[in-house]
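To keep things clear, I will list the structure first and then write my remarks on it.
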Amino acid sequence: MAANPAIDFGKRAVVTLDVVASQVAQETVLLNLESASYFGLDEIGTRMWQLATTSATLQQAYDAFLAEYDVEADQLRGDFSTLIEKLISAGLIELQ
Amino acid sequence: MSGFKIDGYSVSGFGGMAADLPRVLAYSEALRRVITPESVIVEIGTGTGVMAMHACQLGARRVYAIEAEDGIEAARESAAQNGFADRIVFIHDVSTKVTLPEPADILFSDLRGILPLHNAHLETIIDARRRFLKPGGVQIPQRDTLMVAPVSAPDLYADVIEPWSKNPFGLNMDVGRRWTTQQQYRRRVQPEQIAFPAQAWAVLDYATLTELNYAQTFTWTAEAPITLHGYQVWFEAVLYDDIGYSTAPDQPMMAYGTTFFPCAEVVTLAAGDTLRARLRADNFSGTYTFSWHTQVIDGATQTVRTHLQQSTFFGGLESVRALHMRSQGYQPHLSRMGQIDTAVLSWMAEGHTLRVIAQQLMQHFAPEYPNEIEAMTKAGDMSVKYGEYHGS
Numbered sequence: 001m002a003a004n005p006a007i008d009f010g011k012r013a014v015v016t017l018d019v020v021a022s023q024v025a026q027e028t029v030l031l032n033l034e035s036a037s038y039f040g041l042d043e044i045g046t047r048m049w050q051l052a053t054t055s056a057t058l059q060q061a062y063d064a065f066l067a068e069y070d071v072e073a074d075q076l077r078g079d080f081s082t083l084i085e086k087l088i089s090a091g092l093i094e095l096q
Numbered sequence: 097m098s099g100f101k102i103d104g105y106s107v108s109g110f111g112g113m114a115a116d117l118p119r120v121l122a123y124s125e126a127l128r129r130v131i132t133p134e135s136v137i138v139e140i141g142t143g144t145g146v147m148a149m150h151a152c153q154l155g156a157r158r159v160y161a162i163e164a165e166d167g168i169e170a171a172r173e174s175a176a177q178n179g180f181a182d183r184i185v186f187i188h189d190v191s192t193k194v195t196l197p198e199p200a201d202i203l204f205s206d207l208r209g210i211l212p213l214h215n216a217h218l219e220t221i222i223d224a225r226r227r228f229l230k231p232g233g234v235q236i237p238q239r240d241t242l243m244v245a246p247v248s249a250p251d252l253y254a255d256v257i258e259p260w261s262k263n264p265f266g267l268n269m270d271v272g273r274r275w276t277t278q279q280q281y282r283r284r285v286q287p288e289q290i291a292f293p294a295q296a297w298a299v300l301d302y303a304t305l306t307e308l309n310y311a312q313t314f315t316w317t318a319e320a321p322i323t324l325h326g327y328q329v330w331f332e333a334v335l336y337d338d339i340g341y342s343t344a345p346d347q348p349m350m351a352y353g354t355t356f357f358p359c360a361e362v363v364t365l366a367a368g369d370t371l372r373a374r375l376r377a378d379n380f381s382g383t384y385t386f387s388w389h390t391q392v393i394d395g396a397t398q399t400v401r402t403h404l405q406q407s408t409f410f411g412g413l414e415s416v417r418a419l420h421m422r423s424q425g426y427q428p429h430l431s432r433m434g435q436i437d438t439a440v441l442s443w444m445a446e447g448h449t450l451r452v453i454a455q456q457l458m459q460h461f462a463p464e465y466p467n468e469i470e471a472m473t474k475a476g477d478m479s480v481k482y483g484e485y486h487g488s
């Protein structure tokens, strides 16, 4: 899957104000209090979330994930971009 | 606006509220100030009816006493015994479904829980103010101010987390701790355990409020090293003019109690560090979700050293499976109990008696309802829950 060109991997993902997250079993539930909606991430999504929201840049998060998992680089870049895009559109993160 | 049902006090619970002397005396004094012989009063949540009867003692011409819970039957009987049956109109329903025959001069209520941000309290007041009260009428209470202060309370904190941090088998129970620190507790600290000066979270002016959700960010800077365990939240009530009370930790204990939001872990600040906290209360379908974020900003580097985020949304021990079943795209399938309830509802809608419904239950759902007692119990429960009383 091709990476979304709109996602700048040089930027940092910051959790939006008024979003709370909690790990439930192997999954993560994200609650956006402003929109009164919640979202679930599976085990892989949870790890992407953790890396994306704690790394200095998306590129660093991507590199760390690539080192941890047996996945093609292009495939990961596409999947990672898609997740970031979804998180942004759900108001869960902002890129800075 | 849909109908609201205020979370039930039992009759003994009503008794507890009615016997809370500082609260009752403050309400009495507020009523004494405003009641005239022409006063028409509406009370939302009359409970035992004690304040409705007291309003009559103070000279009110008419009191409409509304109560959703069954305890109103005791109130009705008490009013008759005390000679007020002709002046109090008891209405057994949720106030949002009630229409009054005349506008009221005075609207009074106490629908708070530990905090005024409790279930459908605010929506109920907004509705009652709009539909029941005369223009320029008096509201009691007039205003509540929510106050918040970080606390250093190791004893109280241990009380909350100890079941999960200590066990005789050396087991790791951190998962339980994650749940237990995302709940609202009715606990009160000692006044000396307040670590920083309290700040106002929200002012609820009942004559004008329209907002149900409240969010506020607070900062405090440490002048000396300090250890924090959570936040104490209370309210300062103004019933009328200078009459009011407070549930603050340094005030006499009241029936409401005070709220403690624990931190996910013990938070330490050095001199010069800043505590930044954000509290939110969001009303989702008539129930409040409280969320609290804690950040410690290092005084020397100005970087965030500690970041905790908690919400009562995650404190309910609801499983991932249950959350999935609540998601928008989920297509629910009726469980066996769902099939039974659906069948009973359809028989009710067709106008059958409970005896007939019980017989149908035994015929169609024999494994669950093998005898008449169990079938009648189920039919009766459904009748009370979903039926409308039209006399016997």
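Chains A and B, in that order, give the protein sequences.
Start counting the first sequence at 1; every next residue gets the next number (the numbering used here).
Start counting the second sequence at 97; every next residue gets the next number (the numbering used here).
Backbone N, C-alpha and C define an ideal beta-carbon position, used for all residues, glycine too.
Remember, predicted model here, so these are calculated numbers, not experimental data.
Nearest-angstrom Cβ-Cβ length linking residue 330 of chain B and residue 354 of chain B, presumed shorter than 8 angstroms | With a beta-carbon spacing of about 5 angstroms, residue 330 of chain B and residue 354 of chain B fall inside the 8 angstroms limit used to define contacts.
Cα separation between residue 444 of chain B and residue 475 of chain B?
-> 9 angstroms
Take residue 293 of chain B as the anchor and find which of B/193, B/317, B/281 has the nearest alpha-carbon.
-> B/317
Quick one, are the C-beta atoms of residue 249 of chain B and residue 289 of chain B less than 8 angstroms apart?
-> In contact: residue 249 of chain B and residue 289 of chain B (Cβ atoms closer than 8 angstroms).
DSSP beta-bridge partners for residue 386 of chain B?
-> B/377
Going by DSSP, what residues sit across from residue 352 of chain B in a beta bridge?
-> Bridge partners of residue 352 of chain B: none, in fact.
Give the interface partners of residue 479 of chain B over in chain A, defined as CB-CB distance under 9 angstroms, in chain order.
-> Those within 9 angstroms of residue 479 of chain B in chain A number zero; the least Cβ separation is about 34 angstroms.
Taking Cβ positions only, does residue 40 of chain A come closer than 8 angstroms to chain B?
-> yes
Closest residue to residue 149 of chain B among B/176, B/129, B/130, B/167 (Cα-Cα distance) = B/176
Which residue from B/206, B/125, B/243 puts its Cα closest to that of residue 346 of chain B?
-> B/243
Taking all protein chains shown into account, do 16 or more other C-beta atoms lie within 10 angstroms of the C-beta of residue 376 of chain B, making it buried, or fewer, making it exposed?
-> Residue 376 of chain B comes out buried.
Counted within 10 angstroms of its Cβ, other Cβ atoms place residue 421 of chain B as buried (16 or more) or exposed = exposed
Buried or exposed (CB count within 10 angstroms, at least 16 for buried), residue 104 of chain B | Note on residue 104 of chain B: pLDDT 46, under 50, position unreliable in the model; no value is reported.
For residue 64 of chain A versus residue 51 of chain A, is the C-beta distance shorter than 8 angstroms?
-> yes
Spell out the partners DSSP gives residue 40 of chain A in its beta bridges.
-> A/29
Figure out for me which residue from B/240, B/263, B/157, B/222 has the closest Cα to the Cα of residue 210 of chain B.
-> Nearest to residue 210 of chain B by C-alpha distance, out of B/240, B/263, B/157, B/222, is B/240.
Exposed unless 16 or more other CB atoms sit within 10 angstroms - verdict on residue 356 of chain B = buried
Proximity below 8 angstroms, CB of residue 144 of chain B to CB of residue 170 of chain B | yes
So, does the CB of residue 378 of chain B fall closer than 8 angstroms to a CB anywhere in chain A?
-> yes
What is the DSSP secondary structure of residue 324 of chain B, reduced to helix, strand or coil?
-> strand
Within 8 angstroms, strictly: CB atoms of residue 38 of chain A and residue 24 of chain A = No.
For residue 189 of chain B versus residue 222 of chain B, is the C-beta spacing smaller than 8 angstroms?
-> no
Do the segment 40–49 of chain A and the segment 433–447 of chain B make contact, defined as three or more Cβ pairs closer than 8 angstroms?
-> Because the criterion of three Cβ pairs below 8 angstroms is not met, the segment 40–49 of chain A and the segment 433–447 of chain B do not touch.
Chain B beta carbons: is any one of them nearer than 8 angstroms to that of residue 57 of chain A?
-> no
Return the first residue and the last residue of the alpha helix (DSSP H) that residue 221 of chain B is part of.
-> Note, residue 221 of chain B: alpha helix (DSSP H), 217–227.
What span of residues does the alpha helix (DSSP H) with residue 469 of chain B cover, start to end?
-> 468–482
Label residue 459 of chain B either buried or exposed according to how many other C-beta atoms from any shown protein chain fall within 10 Å of its C-beta, with 16 as the threshold for buried.
-> By the 16-neighbour rule on beta-carbons within 10 angstroms, residue 459 of chain B is exposed.
As assigned by DSSP and simplified to three states, the class of residue 46 of chain A = helix
Going by C-alpha distance, which of B/168, B/185, B/166 is nearest residue 156 of chain B?
-> B/185
In or out: residue 497 of chain B buried (at least 16 other Cβ within 10 Å) or exposed?
-> The question about residue 497 of chain B has no answer, for chain B in this structure spans 97 to 488.
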